[in-house]
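Numbering (my numbering), first residue to last: 72 to 553. Backbone N, C-alpha and C define an ideal beta-carbon position, used for all residues, glycine too. Nothing here was measured: the structure is a model prediction, and the numbers come from that model.
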């Protein structure tokens, strides 16, 4: 419930804007990219720096305000409904590149296009996803399935340090040596353990790639899916690809050739010269006449051209299931569920090729699972549709797991357990109980705090002391050892 006096108390501690329902700026502060649902907190804070985050979390702990965090709002699961505190980190968008160490330091609100552009100046690239507008931190905390992941692994595997304000209001820097349990949990455990104010991660020496897509008519879906499936069995780790069945609305800004029917889109990102890429994709070009062919050698800064993800906010439900295989029978199952002539209502049904470095353990273990998956199936559908239809229909082909970054919309918060092996989920619950026993951070793919016995710990009061400074990755000598 909104209490103006509580908002005034918080505003008195901070220089960043604080909003309540009905205030000018409240709607803009709480809106996210995915409009399927939106936060309606009692208080919304536009945090300007890590010190403000620390003070806000300390205030939330003192007053018992459950807390949500939002940067871009691409992946809502459980949202605030007239209660709690929303910390919006979009103003914290600093990006620093150390070209000698090949490391990026990125603040909580930065988006991938900022990191890609900054790293490219030095001949480097991050392990970003397909959209330039997605927030770096939320994507990375969920594991990060990147365009370059078959060659380099999950984005979370390359994280070297995390600045976080934990639910007791304390700033900490988690690394493999400092707070190693928290460091393990953060890399894959989403936003359950506090507010991440910055991350450090390694970059890779990539400046160019051969990429783009082949668009085929929907009536060739069976031929294209079976040919692409077979093709993925022999491509090198340097080649990443996915296949999407698209059903786009018949209106602007959708290109005319995509409107009003089923189109098959094969997406390619190959880490090699153009002539090598041309040889690799030659079998795909022979499947059927294409509607559009955008494959070419390009600078990595044009990565967004490969998938062509939407640039404007809209509402959608997203679901995923990790597939253990995609043999001929599995491909036929998918065509029955989502191919031309099916009753599928999803806008996008995509299969991403996994394997390669994604199947190998990280140098420093983290909470990211899915290393046994051969493909990732994702669906994106309109509100009011049937978001579970395709993934449930393919579940018997799955590993029993879902990629949490591809679970968005109302009702997905309860699906968090699908993201992990049972032993990892139990360990995450124990770490949650240690750092957030009151489940202050619950507006996400929530991991319930559980003691080693499996019971939820008794709630205790959190009244943290005031601290003058926030932890910073650039100050490794700070004493935050508690």
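Check: Buried or exposed: which applies to residue 532, given that a residue is buried once 16 or more other Cβ atoms fall within 10 Å of its Cβ?
Finding: Below a pLDDT of 50, predicted positions are generally treated as unreliable, and residue 532, at 37, falls in that range; the measurement from the model is reported next regardless. Residue 532 counts as exposed, since fewer than 16 other beta carbons sit within 10 angstroms of its beta carbon.
Notebook entry, point to check: Okay, do the segment 112-121 and the segment 153-163 touch, 3+ Cβ pairs below 8 Å being the bar?
Noted result: Verdict: yes, contact present.
Check: From the DSSP output, which residues share a beta bridge with residue 312?
Finding: Within the DSSP bridge table, the entry for residue 312 names 339 as partners.
Check: Applying the criterion that 16 or more other CB atoms from any shown protein chain within 10 Å of the CB defines a buried residue, is residue 419 buried or exposed?
Finding: Note on residue 419: 16 or more other CB atoms within 10 angstroms of its CB, so buried under the neighbour-count rule.
Note to self: Please list the terminal residues of the continuous alpha helix (DSSP H) segment that includes residue 392.
What the structure shows: Taken as a continuous stretch (DSSP letters only), residue 392 belongs to no alpha helix (DSSP H), being part of the beta strand (DSSP E) at 388-394.
Item checked: Inside the segment 415-459 only - beta strand (DSSP E) runs reaching at least 3 residues -> The qualifying runs are 419-424, 446-452.
Check: Where does residue 478 fall in DSSP's three states?
Finding: Shown here, residue 478 sits in coil according to DSSP, grouped into three states, outside any helix or strand.
Checklist line | N-terminal and C-terminal residue of the alpha helix (DSSP H) that residue 515 is part of | finding: No alpha helix (DSSP H) holds residue 515; DSSP gives it neither H nor E.
Notebook entry, point to check: Are the beta-carbon atoms of residue 280 and residue 212 separated by less than 8 Å?
Noted result: Going by beta carbons, residue 280 and residue 212 fall outside the 8 Å limit.
Next item on the list: Compute the Euclidean distance between the alpha carbons of residue 207 and residue 199, then round it to the nearest angstrom.
Entry: Straight-line Cα distance between these residues: approximately 8 Å.
Next item on the list: Assign residue 467 to buried or exposed, taking buried as 16 or more other Cβ atoms, counted over all protein chains shown, within 10 Å of its Cβ.
Entry: Residue 467 should be labelled exposed.
Margin query: With a threshold of 8 Å on Cβ separation, who are the neighbours of residue 459 within its own chain once the five nearest residues in sequence on each side are excluded?
Written below: These residues qualify, in order along the chain: 390.
Margin query: Helix, strand or coil for residue 254? Go by DSSP, reduced to three states.
Written below: Reduced to three states, the DSSP call for residue 254 is helix.
Next item on the list: Let me know if residue 181 comes out buried or exposed under the rule of 16 or more other beta-carbons within 10 Å of its beta-carbon.
Entry: With 16 or more other CB atoms across the displayed protein chains lying within 10 angstroms of its CB, residue 181 is buried.
Next item on the list: Using alpha carbons as the reference points, say which of 337, 362, 202 lies closest to residue 299.
Entry: Taking each of 337, 362, 202 in turn and checking the Cα distance to residue 299, the smallest one comes out for 337.
Next item on the list: State the CB to CB distance for the pair residue 289 and residue 230, rounded to an integer number of angstroms; the pair is presumed to be in contact (CB under 8 Å).
Entry: Between residue 289 and residue 230 the beta-carbon gap is near 40 Å, outside 8 Å, which marks them as no contact.
Next item on the list: My understanding is that residue 441 touches residue 474, with C-beta atoms under 8 Å, so please give their C-beta distance in whole angstroms.
Entry: The C-beta separation of residue 441 from residue 474 comes to about 6 Å, placing the pair in contact by the 8 Å criterion.
Check: Is it a yes or a no for the segment 320-331 touching the segment 264-284, going by three-plus beta-carbon pairs under 8 Å?
Finding: Verdict: no, contact absent.
Note to self: Going by DSSP in three states, residue 241 sits in which element: helix, strand or coil?
What the structure shows: Here residue 241 sits in coil by DSSP.
Checklist line | 7 Å CB neighbourhood of residue 274 in its chain, flanking five on each side removed | finding: If you ignore the 5 residues before and after residue 274, its C-beta comes within less than 7 Å of the C-beta of 173, 174, 175, 190, 195, 196, 197, all in its own chain and listed in chain order.
Check: Is residue 292 near residue 421, with beta carbons less than 8 Å apart?
Finding: Contact flag unset, no.
Note to self: Measuring CB atoms only, is the segment 469-488 touching the segment 240-247, in the sense that at least three cross pairs come out at less than 8 Å?
What the structure shows: Because the criterion of three Cβ pairs below 8 Å is not met, the segment 469-488 and the segment 240-247 do not touch.
Margin query: Using the three-state DSSP reduction, which class does residue 269 fall into: helix, strand or coil?
Written below: Three-state DSSP puts residue 269 in a strand.
Check: Quick one: what does DSSP say residue 318 is sitting in, helix, strand or coil?
Finding: Under the three-state reduction of DSSP, residue 318 is assigned to strand.
Checklist line | Span separating the alpha-carbon of residue 154 from that of residue 297 | finding: Roughly 49 Å between the two C-alpha positions.
Next item on the list: Starting from the C-beta of residue 452, find all residues in its chain whose C-beta is less than 7 Å away, skip the five residues before and the five after it, and write them out in chain order.
Entry: For residue 452, the CB contacts under 7 Å within the same chain, skipping 5 residues up- and downstream, are 387, 388, 416, 417, 418, 458 in chain order.
Check: Apart from the five residues on each side of it in sequence, which residues of its chain come closer than 7 Å, Cβ to Cβ, to residue 426?
Finding: Same-chain partners within the cutoff: 221, 445.
Notebook entry, point to check: Is it a yes or a no for the segment 472-492 touching the segment 96-103, going by three-plus beta-carbon pairs under 8 Å?
Noted result: Short answer: they don't touch.
Margin query: Whole angstroms are fine: how far does the CA of residue 392 sit from the CA of residue 228?
Written below: Residue 228 and residue 392: Cα-Cα distance of roughly 21 Å.
Notebook entry, point to check: What residue from 319, 394, 423 has the CA that sits closest to residue 381's CA?
Noted result: Nearest option by C-alpha distance: 319.
Check: CB-CB under 6 Å to residue 170, same chain, minus the five flanking residues each way: which ones, in chain order?
Finding: Cβ contact annotation for residue 170 (same chain, cutoff 6 Å, sequence separation greater than five): 193, in chain order.
Checklist line | Own chain residues within Cβ distance below 7 Å of residue 82, not counting five before or after | finding: Here the set comprises 89.
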